[in-house]
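Trainee: Counting from 1, position 81 in the sequence shown corresponds to residue 81 in full-length UniProt numbering; the numbering is continuous, with no gaps.
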Amino acid sequence: MSEVQGTVEFSLELHKFHNVDLFQRGFYQIRAGLKVSPRVPHSHYAVLLCPTLGECSFSSAGVYDGTVFSRIFQILYRNEEIAVNDCMIFKVHLLLDGERVEEALICEPLWKYVFVCV
1 MSEVQGTVEF SLELHKFHNV DLFQRGFYQI RAGLKVSPRV PHSHYAVLLC
51 PTLGECSFSS AGVYDGTVFS RIFQILYRNE EIAVNDCMIF KVHLLLDGER
101 VEEALICEPL WKYVFVCV
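In structure tokens, the structure reads:
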């Protein structure tokens, strides 16, 4: 049995946050990450395309433990629109059976494991 390392890479751009209905005023942050099935041997990581220089802070986007987070922004009104403008890349390195590569990728689609939360 031969093994093949495959790499799946995709990007995500957070352009704007539009508050449709004001449930509660406050400070918000958008987080995006990747969850891969534990049945597939893998390693994954995330990077910002335009990271700010220096350490992570509340006023800039950052990456922590494979999760990308936006800067913290304040929502005060209904239908308020905030420019986020963060771009990120997620990479997953998979170890697959060389004889059944296509079957493994179809049975374990990675895009259903992407999460974005506010």
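For each residue, glycine too, the CB sits at the ideal point set by N, CA and C.
As a quick exercise: from PHE23, LEU96, SER2 and CYS87, pick the residue whose alpha carbon is nearest that of THR67.
Mentor: Per the Cα distances, CYS87.
Trainee: By DSSP, does GLU80 sit in helix, in strand, or in coil?
Mentor: DSSP places GLU80 in coil when its eight states are reduced to three.
Trainee: If we ignore side chains and look at the alpha-carbon of each, how far apart do LEU39 and ARG78 end up?
Mentor: Going by the sequence as given, residue 39 is Arg instead of Leu. Cα-Cα distance, rounded: 43 Å.
Trainee: Once the 5 residues before and after residue 154 are set aside, which same chain residues still bring their CB inside 6 Å of it?
Mentor: Not covered by the structure: residue 154. The range shown for the chain is 1 to 118.
Trainee: Could you tell me the alpha carbon to alpha carbon distance between ILE72 and ASP21, rounded to whole angstroms?
Mentor: Answer to the nearest angstrom: the Cα atoms are 19 Å apart.
Trainee: Here's a check: name, in chain order, each residue in its chain whose Cβ is nearer than 8 Å to the Cβ of GLU3, leaving out the five neighbours to either side.
Mentor: Within the same chain, GLU3 has close Cβ partners LEU95, LEU96, ASP97 and GLY98.
Trainee: Taking only the alpha-carbon atoms, compute the straight-line gap between LEU49 and ILE89 and give it to the nearest angstrom.
Mentor: Near 7 Å, if we compare the C-alpha coordinates of ILE89 and LEU49.
Trainee: Comparing alpha-carbon positions, which option in LEU12, PHE17 and ARG31 lies nearest residue 124?
Mentor: Outside the displayed range of the chain (1 to 118) lies residue 124, so it cannot be described from this structure.
Trainee: Which value, in whole angstroms, describes the spacing of the CA atoms of LYS112 and PHE69?
Mentor: For LYS112, the predicted structure reports a pLDDT of 49, less than 50, and the residue's modelled location is therefore unreliable. The matter cannot be settled from this model.
Trainee: In its own chain, which residues sit with a C-beta less than 8 Å from the C-beta of GLU81, not counting the 5 before and 5 after it?
Mentor: Hits under 8 Å: LYS16, PHE17, HIS18 and ASN19.
Trainee: Do we get a CB-CB distance below 7 Å when we pair THR7 with the residues of chain D?
Mentor: Structure shown: chain D not included; a single protein chain is present.
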